[in-house]
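Trainee:
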Amino acid sequence: MSDDVTEILGEADPTDRRTFLARASALSLAIPAAGAALVACSPGGQRRSDSATKTVVSGTRGEARQPHNSDSRLDSSVLKGEHRAGSSPTGSTQGGQSVAFQRWDPTLPPASTTGRVQLSWHAREAPVRISDDTVIAGWTFEGDIPGPIVHCRVGDTVEFTLTNDADIPHSMDFHAAQIDPKQAFRSVPRGQSVSFTFKPKYAGAYMYHCGTAPVLMHIGSGMFGAIVVSPREPLPAAKEFVLVQNEYYLADAAGGVRASDYQKMLNTLPDFVAFNGRPSQYIKEPIRVKVGDRVRFWVVSAGPSHPCNFHVVGEQFDRVYVGAPPASPLIGVQTFSVPPGGGMVYELVCDIPGEFPFVNHGFGHGQKGAIGILSVEA
Amino acid sequence: MSDDVTEILGEADPTDRRTFLARASALSLAIPAAGAALVACSPGGQRRSDSATKTVVSGTRGEARQPHNSDSRLDSSVLKGEHRAGSSPTGSTQGGQSVAFQRWDPTLPPASTTGRVQLSWHAREAPVRISDDTVIAGWTFEGDIPGPIVHCRVGDTVEFTLTNDADIPHSMDFHAAQIDPKQAFRSVPRGQSVSFTFKPKYAGAYMYHCGTAPVLMHIGSGMFGAIVVSPREPLPAAKEFVLVQNEYYLADAAGGVRASDYQKMLNTLPDFVAFNGRPSQYIKEPIRVKVGDRVRFWVVSAGPSHPCNFHVVGEQFDRVYVGAPPASPLIGVQTFSVPPGGGMVYELVCDIPGEFPFVNHGFGHGQKGAIGILSVEA
Amino acid sequence: MSDDVTEILGEADPTDRRTFLARASALSLAIPAAGAALVACSPGGQRRSDSATKTVVSGTRGEARQPHNSDSRLDSSVLKGEHRAGSSPTGSTQGGQSVAFQRWDPTLPPASTTGRVQLSWHAREAPVRISDDTVIAGWTFEGDIPGPIVHCRVGDTVEFTLTNDADIPHSMDFHAAQIDPKQAFRSVPRGQSVSFTFKPKYAGAYMYHCGTAPVLMHIGSGMFGAIVVSPREPLPAAKEFVLVQNEYYLADAAGGVRASDYQKMLNTLPDFVAFNGRPSQYIKEPIRVKVGDRVRFWVVSAGPSHPCNFHVVGEQFDRVYVGAPPASPLIGVQTFSVPPGGGMVYELVCDIPGEFPFVNHGFGHGQKGAIGILSVEA
């Protein structure tokens with residue numbers, strides 16, 4: 229394999245932003261979307277597609293370069309000659325200032341009872357208000373950050389289709405699937421779709437995310453979520469919630485909307501850290517349960533870079549499933565770390581009423597919004 | 229809940245120091261103490277309480293703002309109208325240069341034999357010499373960093389009272405307690421006390437810390453320690469030690485004393501990392517045991533941000549308790565990571581004499597002082 | 229113990245590069261080698277040994293200072309008066325630009341069948357081409373980064389000798405050994421050797437590394453590798469591979485070769501992250517197995533600072549050995565974090581053909597080269 233591939237994978241010296249941008253440009257990558265997001269939201273509200281969003285398809289070595297999925301090696305051929313993002317009107321983040329804040333419901337939805345889950349999702353750019361004063365130029369699954377919760381059981385059949393509505397290629401990588409990523413997780417250009425089917429083998433809280441290169445940029449811009457796989461033999465009855473931690477690395481606002489900043493992602497110092505996409509949202513509107521409830525948190529650390537040292541103030545987990553529940557839980561835990569890209573299951577019993585904050589106890593980052601409240605009512 | 233609360237919690241854009249300071253000022257938070265510490269130790273030794281330590285009680289939106297416990301939501305009412313730190317003489321760090329260095333004894337004290345532990349502690353500012361050439365303007369429990377070791381057994385009754393001698397509010401959060409933090413862990417202003425009682429349910433090495441917002445600042449300034457909970461059924465006889473790892477983020481010295489720097493904490497790049505508050509103290513004065521001893525380290529990672537990848541050079545742990553001992557230990561381990569906010573128990577048997585350094589094997593930070601020596605004598 | 233020792237250990241304020249360099253110079257440490265590497269590779273190709281590589285043996289306090297092993301306290305006496313690196317011709321990195329790239333074979337070699345492993349290695353400086361356009365001025369065991377894979381079984385006898393061919397002192401610390409580091413892991417000056425023997429007690433993927441102070445510098449410059457200890461009772465038959473993750477912190481190129489940068493190491497923001505020393509090498513030349521194979525990865529995280537959140541795209545681990553295999557594996561895992569200084573064992577079964585990327589899913593660092601492909605052929 230030529231070193232073009234390494235270059236395509238975006239793994240050249242990542243500290244050199246100019247190199248990255250030059251190459252991203254050569255690859256029709258990142259630049260058009262970042263440009264579009266910024267331009268669409270620029271103070272004047274006018275898109276300058278003639279320059280900022282122009283896609284340079286010819287590479288610096290005199291060859292056409294195409295986007296590529298760093299988690300696979302096939303899709304460059306898929307996309308060859310088909311991707312001309314150019315000046316397409318990615319105005320989906322226009323008017324981002326007017327987007328309303330919406331609490332993200334952490335409740336685990338019921339699992340399918342038919343043994344079959346059918347999903348047809350769209351990858352698209354969308355403005356997402358993550359707090360009263362911050363709107364993100366998101367790269368999303370289905371228009372929100374995180375994407376929708378998927379809930380199924382071990383052995384169910386998940387039929388998934390992704391259609392790409394965005395200018396740059398995207399893809400889908402489910403950590404709950406055992407499948408050839410070269411085919412299933414391949415990148416698709418605007419207007420095209422990819423479909424695949426899988427049967428989750430293990431229970432657990434699994435991450436899904438866009439696997440298109442550079443993966444860091446796609447996860448960091450909002451393309452992630454959780455698929456919860458319950459075991460066939462039900463776990464003890466509980467109030468069940470999903471918490472997906474992620475980091476935001478943001479450029480200055482343009483037109484009231486902040487794009488994601490790849491260089492900041494490489495520097496791994498986030499501006500915000502959030503559960504379910506909105507910093508501190510469950511402070512304002514806590515998660516509510518009753519005394520006597522068992523509570524089960526399916527916690528995914530989407531990263532892109534940091535673990536979630538999950539802790540509930542005033543409580544202790546009676547079990548933490550580090551692998552697939554119900555196998556070998558840890559007993560009696562104050563905090564245990566979910567690695568970026570991972571998921572774990574935390575259980576506690578609410579013996580007493582009160583307000584129990586849950587946090588990422590790595591406070592240097594946790595202080596940036598990875599905090600909420602579990603309200604236990606009598 | 230209004231967005232004032234989010235603001236009070238100190239979770240606004242943390243990268244904007246001016247915003248933080250402005251808000252901290254509005255909250256009678258951080259500024260007075262930081263100011264006091266700096267001023268008290270300024271070269272001229274003169275306090276300029278008229279400016280640097282002034283507390284602005286009126287918020288920027290025309291309402292009185294009060295300090296608040298980010299781990300709870302109640303205490304703002306507790307404190308309403310009562311906290312006027314203003315120009316009170318927090319001269320507790322004056323004369324810091326003359327404070328002597330004292331090795332922090334890592335020996336686990338015996339557990340109470342009465343089934344009852346009664347603690348009456350004070351939160352106060354104190355200069356702490358952490359090395360020959362560095363004195364910290366500490367925020368402390370009982371005047372030292374870390375605070376005192378607490379040792380009890382599962383099911384014991386711990387009766388705890390905290391009295392706040394400092395200008396800004398403080399609180400206490402025991403990870404070994406299952407209790408409503410809204411009441412028990414609430415912040416108290418200068419001169420007031422909070423009391424609560426709990427019975428530890430699980431064995432383990434648990435962190436305690438001040439939970440007043442911003443928690444990052446309070447942990448980062450020295451308000452943390454370890455409570456060791458032994459199981460009812462004793463673990464194998466061993467020489468038992470407590471190691472609490474923490475990070476220091478320091479401003480330049482003023483009057484020979486260095487205050488903690490909140491922006492550095494948010495940047496997560498510490499100046500020093502230490503076991504039991506003093507970088508490399510157990511190099512100079514090792515922990516000493518005899519050949520044949522089983523050694524049990526109760527390791528707490530206070531953070532505020534980094535894990536402790538605990539390792540003993542020339543040794544291997546025959547067991548590491550990741551959850552509550554004696555449940556499901558890991559067998560045969562070179563290093564395992566204690567997450568920030570967590571605690572684990574590491575055991576080894578000293579078969580041979582020698583000098584065995586113990587380290588945080590994440591050397592980028594470990595090199596900054598998280599190193600000591602276990603001396604095994606024949 | 230005097231505070232000279234703390235100074236010798238290199239644990240003074242690590243953020244002050246001048247202090248470090250001054251002390252390193254006083255210690256005949258780091259400076260000469262870094263100087264040699266830089267000078268040897270300077271554009272003109274001429275060594276200026278008269279200045280850059282000069283060793284100052286007299287300390288700043290008027291006493292002779294000697295290199296010291298931070299993992300031990302003895303070797304300063306070993307070296308006293310014997311180390312005069314001075315202007316010795318450490319031209320081993322000269323001509324670095326012409327060094328060819330070589331894929332590092334990740335295949336686990338067979339374990340000794342005699343119950344005995346005899347190793348006689350040399351510590352030496354060597355240029356290592358880690359990618360098409362980057363050559364490192366490496367500090368190495370046996371001339372490569374990582375050093376050679378060692379494979380033995382629990383209870384085997386490992387007889388090891390290290391001879392130091394480099395100007396500055398080096399040493400060897402095997403995490404698989406239970407031995408007095410004060411003797412066995414002591415630093416030796418140029419031209420001298422140290423020998424020791426050990427019998428691994430626990431199975432697992434163990435790190436080895438140079439333990440000479442500052443350890444961060446020695447690991448960060450390339451002196452690390454893996455010793456794999458298989459259990460006496462064989463694990464299930466599998467295709468077995470070794471992956472050692474490390475970070476590179478590099479100064480600008482001088483003469484086409486890049487030296488390691490200690491201040492960057494302290495800042496913990498790497499330029500590259502690699503499996504087996506070369507960023508993305510297994511993208512170009514994948515690891516190849518057949519459908520039906522069980523694959524066992526022995527993963528070591530050499531750091532010096534970051535964990536490896538090991539993940540295989542499109543696959544799930546059916547077991548991860550966090551401690552010594554075959555004890556208590558985790559079942560059904562998407563990713564689990566190997567702490568810096570640690571090692572874990574990851575197993576999966578290749579049920580289907582495809583190309584399965586393996587990554588460090590902490591993408592802020594993983595994106596810098598911790599990625600490869602497992603190709604499963606029909």
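Residue numbers (our numbering), protein chains in the order written: chain A, 229 to 606; chain B, 229 to 606; chain C, 229 to 606. Quick reminder that beta carbons are idealized off the backbone N, C-alpha and C, glycines included. Keep in mind that this is a model prediction, so the values were computed, not measured.
Closer than 7 Å, CB to CB, is H539/A near chain B or not?
Mentor: It does: the Cβ of H539/A has a partner Cβ on chain B nearer than 7 Å.
Trainee: Does the structure place the stretch 349-356 of chain A close enough to the stretch 365-374 of chain A that three or more beta carbon pairs sit under 8 Å?
Mentor: With a cut-off of 8 Å, the stretch 349-356 of chain A and the stretch 365-374 of chain A count as touching, because enough Cβ pairs lie within range.
Trainee: Check whether the Cβ atoms of Q473/A and F500/A lie closer than 7 Å to each other.
Mentor: The answer is no: Cβ separation not under 7 Å.
Trainee: Using a Cβ-Cβ cut-off of 7 Å, state whether Q562/C counts as contacting chain B.
Mentor: False, the Cβ-Cβ gap to chain B never drops below 7 Å.
Trainee: Output, in sequence order along the chain, the residues in the stretch 475-509 of chain B whose CB is closer than 7 Å to any CB in chain C.
Mentor: Within the stretch 475-509 of chain B, the qualifying residues are L497, D499, P507, S508.
Trainee: Between the C-alpha atoms of Q274/A and I396/B, what's the straight-line distance to the nearest angstrom?
Mentor: Because the pLDDT of Q274/A is 30, which lies under 50, any placement of that residue in the model is unreliable, and the number read from its coordinates should be weighed accordingly. The straight-line gap from Cα to Cα measures roughly 49 Å.
Trainee: Anyone know if the C-beta pair for S488/B and S449/B falls short of 7 Å?
Mentor: Yes. Within cutoff.
Trainee: Anything in chain A within Cβ reach of A555/B, meaning under 8 Å, just list it in chain order.
Mentor: Under the 8 Å cutoff, chain A gives L558, I559, G560.
Trainee: Which residue wins for smallest C-alpha separation from H446/A, given the options I601/C, Q595/C, F424/C?
Mentor: When each option's Cα is compared against that of H446/A, the closest is Q595/C.
Trainee: What do you get for V561/B, buried or exposed, if any count of 16 or more other CB atoms within 10 angstroms of its CB means buried?
Mentor: Classification of V561/B: buried, given that the 10 Å Cβ count is 16 or more.
Trainee: Just to confirm, is the Cβ distance from P334/A to I515/A under 7 Å?
Mentor: In contact: P334/A and I515/A (Cβ atoms closer than 7 Å).
Trainee: Using a Cβ-Cβ cut-off of 7 Å, state whether L641/A counts as contacting chain C.
Mentor: Because chain A is modelled from 229 through 606, residue 641/A falls outside the range shown and cannot be assessed.
Trainee: Evaluate contact between the stretch 564-572 of chain C and the stretch 527-541 of chain C, counting only Cβ atoms and requiring at least three cross-stretch pairs below 8 Å.
Mentor: At 8 Å Cβ cutoff, the stretches touch.
Trainee: Using a Cβ-Cβ distance cut-off of 7 Å, determine whether V615/A contacts chain C.
Mentor: Since the first and last residues shown for chain A are 229 and 606, residue 615/A lies out of range.
Trainee: Rounded to a whole number of angstroms, what is the C-alpha to C-alpha distance between P442/B and V456/B?
Mentor: So the alpha carbons of these two residues sit roughly 26 Å apart.
Trainee: Taking beta-carbon pairs under 8 Å, can you tell me which members of the stretch 406-421 of chain A lie near chain C?
Mentor: Listed in sequence order: Q406, I407, D408, P409, K410, Q411, A412, F413.
Trainee: Output, in sequence order along the chain, the residues in the stretch 423-450 of chain B whose CB is closer than 8 Å to any CB in chain A.
Mentor: Flagged, chain order: K429, Y430, A431, G432, Y434, M435, G439, P442, V443, L444, I447, G448.
Trainee: Express the C-alpha separation of V517/C and Q411/A in angstroms, rounding to a whole number.
Mentor: For Q411/A and V517/C, the distance between alpha carbons rounds to 18 Å.
Trainee: Tell me Y476/A's beta-bridge partners as DSSP assigns them.
Mentor: Bridge partners of Y476/A: F500/A.
Trainee: Could you work out which residues of chain B lie near V614/C, taking near to mean beta carbons separated by less than 7 Å?
Mentor: Past the edges of chain C, shown from 229 to 606, lies residue 614/C, and the structure says nothing about it.
Trainee: Where does the unbroken alpha helix (DSSP H) through L463/B begin, and where does it stop?
Mentor: Segment: none, L463/B is in no alpha helix (DSSP H) and carries neither H nor E.
Trainee: In three-state DSSP terms, what is Q346/C?
Mentor: If DSSP states are grouped into helix, strand and coil, Q346/C belongs with the strands.
Trainee: Return the CA-CA distance between D546/A and F424/C, expressed in angstroms with no decimal places.
Mentor: Between D546/A and F424/C, the C-alpha separation is close to 46 Å.
Trainee: Does H589/B come out as helix, strand or coil in the three-state DSSP assignment?
Mentor: DSSP places H589/B in coil when its eight states are reduced to three.
Trainee: Could you give the first and the last residue of the continuous alpha helix (DSSP H) run that contains L558/B?
Mentor: Element bounds for L558/B: n/a, residue is neither H nor E.
Trainee: Quick check on P227/B: buried or exposed, where buried means 16 or more other Cβ atoms within 10 Å of its Cβ?
Mentor: Nothing about residue 227/B can be read from this structure; chain B reaches only from 229 to 606.
Trainee: Return the bridge partner residues of R414/C from the DSSP annotation.
Mentor: DSSP, once it has assigned bridges, lists no residue as partnering R414/C.
Trainee: Please state the DSSP three-state secondary structure of L257/C.
Mentor: Summary for L257/C: the model assigns pLDDT 31, below 50, so the residue's position carries little reliability; its value from the coordinates is reported in the next sentence. If DSSP states are grouped into helix, strand and coil, L257/C belongs with coil.
Trainee: Please state the DSSP three-state secondary structure of S603/B.
Mentor: S603/B falls in the strand class under three-state DSSP.
Trainee: Using CA coordinates, which residue listed in V550/C, N392/C, N588/C, P507/C is at the minimum distance from C536/C?
Mentor: The residue with the shortest Cα to Cα distance from C536/C is N588/C.
Trainee: Mind listing the chain C neighbours of H403/A? Cutoff is C-beta to C-beta under 7 Å, in chain order.
Mentor: By Cβ distance, chain C contributes Q562.
Trainee: Could you tell me which chain C residues have their CB closer than 9 Å to the CB of G208/A, listed as they occur along the chain?
Mentor: Since the first residue of chain A shown is 229 and the last is 606, residue 208/A is not available in this structure.
Trainee: Give the DSSP-derived three-state secondary structure of K429/C in the structure shown.
Mentor: Here K429/C sits in coil by DSSP.
Trainee: In whole angstroms, give me the CA-to-CA distance for D401/C and Y476/B.
Mentor: Answer to the nearest angstrom: the Cα atoms are 29 Å apart.
Trainee: Can you tell me whether V577/C is helix, strand or coil according to DSSP?
Mentor: The answer is strand: DSSP assigns V577/C an E or B state.
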